[in-house]
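With the working numbering applied, the sequence shown covers 120 to 364.
Heads up, the beta-carbon is just placed ideally off N, CA and C, and yes, glycines get one too.
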Amino acid sequence: MPKKITLQPENFELETNTVWAFPDRGKWATHDAKYRGNWSPYIPRNVILRYSQEGDTVLDQFVGGGTTAVEARLTHRNFIGVDINPSAIEITKSKCDFDFDTQATTTLINGDARSLDLSDNSIDLICTHPPYADIIHYSENIDGDLSLLPLKDFLFEIGKVADECYRVLKKGKFCAMLMGDTRKKGMVQPLAFETMRIFELAGFKAKEIIIKEQHNCKATGYWKTNSIKFNFLLLAHEYLFVFKK
């Protein structure tokens, strides 16, 4: 039996500038922070409300813990969620199991973001949060899991993701993607801007570059101590790229 829950955020307002911060990451509906690395529901809610209309079809091909799926449903958008990890699909099904009056549909597919089983020009909005190369491993040995790849291999494969995004998205529509940087041997690896350039090479134009501040990061104490010891700054931001086809 679906739970009785508070379905919408209180006093929600759309973001109006290019720096976003959500110290309160959002706990309405079935949202929580249990799925490691998932994004605040405020992000997909802002993207979905700004760049799509009710009845549109939203795609998240790295559906993970289901945050985008829940927000699409709550905003009356049809949703297609894809993930290469079957456990992510099951988690998302569970997250979407609440009573809500909507005509919108939710379709979940165990599949590969590099080869989507979707028609050309069929999606109204892409709203997704890929892994940041191999920072967090989302499976142990699933073939095609991009979270298992080192930076160079990840960037090669994300090019295939970019091509698929361009193929399935309707002309004039938007693809929003959150991406962060990494650090190796004390040096910043600009994963976000490398990824942005790959999406531009696939044909997209950058509509917005949004700085998203990070809050409540796990292991902050450990990294704070090491940042002083080894003289490097903690990465406390991510980039939300909004591309237009």
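Cβ neighbours of residue i in the same chain (closer than 7 angstroms, five flanking residues each side left out)
| i | result |
| --- | --- |
| Leu235 | Gln180, Val201, Glu283, Val287 |
| Ser73 | Since the first residue of the chain shown is 120 and the last is 364, residue 73 is not available in this structure. |
| Asn89 | With the chain covering 120 to 364 only, the question about residue 89 has no answer from this structure. |
| Met120 | Per-residue confidence for Met120 stands at a pLDDT of 48, beneath the threshold of 50, marking its modelled position as unreliable; the derived number appears in the next sentence. None. |
| Ile254 | Thr301 |
| Cys215 | Gly185, Ala188, Val189, Arg192, Thr225 |
| Ile210 | Tyr154, Gly184, Gly185 |
Residue i (DSSP reduced to helix, strand or coil)
| i | result |
| --- | --- |
| Cys215 | coil |
| Ala295 | strand |
| Glu391 | Because the chain is modelled from 120 through 364, residue 391 falls outside the range shown and cannot be assessed. |
| Lys324 | strand |
| Ser206 | helix |
| Asp231 | strand |
| Lys146 | coil |
| Leu133 | coil |
| Met120 | Caution is warranted here: a pLDDT of 48 is assigned to Met120, below 50, making its placement in the model unreliable, and the coordinate value is therefore given only provisionally. Note: Met120 maps to coil in three-state DSSP. |
| Leu89 | This structure does not reach residue 89, given that the chain is present from 120 up to 364, and the question cannot be answered. |
| Ala365 | Outside the displayed span of the chain (120 to 364) sits residue 365, for which this structure offers no information. |
| Glu173 | coil |
| Thr221 | coil |
| Pro128 | coil |
| Asp282 | helix |
| Pro160 | coil |
Beta-carbon contacts of residue i that lie in its chain and below 6 angstroms, excluding the five residues immediately before and after
| i | result |
| --- | --- |
| Glu173 | His195 |
| Ser159 | Phe141, Arg144, Gly145 |
| Val166 | Cys246, Ala295 |
| Arg164 | Glu190 |
| Leu359 | Leu297, Ile329, Lys331 |
| Ile199 | Leu178, Thr226 |
| Tyr161 | Phe141, Gly145 |
| Lys290 | Lys364 |
Bridge partners - residue i, DSSP secondary structure assignment
| i | result |
| --- | --- |
| Ile199 | Leu178, Thr226 |
| Gln308 | Thr301 |
| Trp139 | Lys331 |
| Glu319 | DSSP output for Glu319 lists no bridge partner at all. |
| Tyr358 | Met298, Ile330 |
| Lys363 | Phe293, Lys324 |
| Leu288 | Ile242 |
Cβ neighbours of residue i in the same chain (closer than 8 angstroms, five flanking residues each side left out)
| i | result |
| --- | --- |
| Gly322 | Tyr285, Lys364 |
| Glu276 | Arg233, Leu265, Leu268 |
| Ile317 | Leu274, Ile277, Gly278, Ala281 |
| Ser238 | Val287 |
Cβ distance (whole Å) where residue i is taken to contact residue j below 8 angstroms
| i | j | result |
| --- | --- | --- |
| Phe217 | Thr149 | 6 angstroms |
| Lys331 | Glu313 | That belief does not hold up - the Cβ atoms of Lys331 and Glu313 are roughly 18 angstroms apart, past 8 angstroms. |
| Thr137 | Glu327 | 6 angstroms |
| Phe362 | Ala325 | 6 angstroms |
| Val182 | Ala207 | 6 angstroms |
| Gln308 | Leu354 | At roughly 10 angstroms, the Cβ-Cβ gap does not stay under 8 angstroms, so Gln308 and Leu354 are not in contact. |
| Gly305 | Tyr251 | With 8 angstroms as the limit, Gly305 and Tyr251 do not qualify as a contact, their Cβ atoms being about 18 angstroms apart. |
Segments assigned beta strand (DSSP E), at least 3 residues, entirely inside the region 240-277: 242-247
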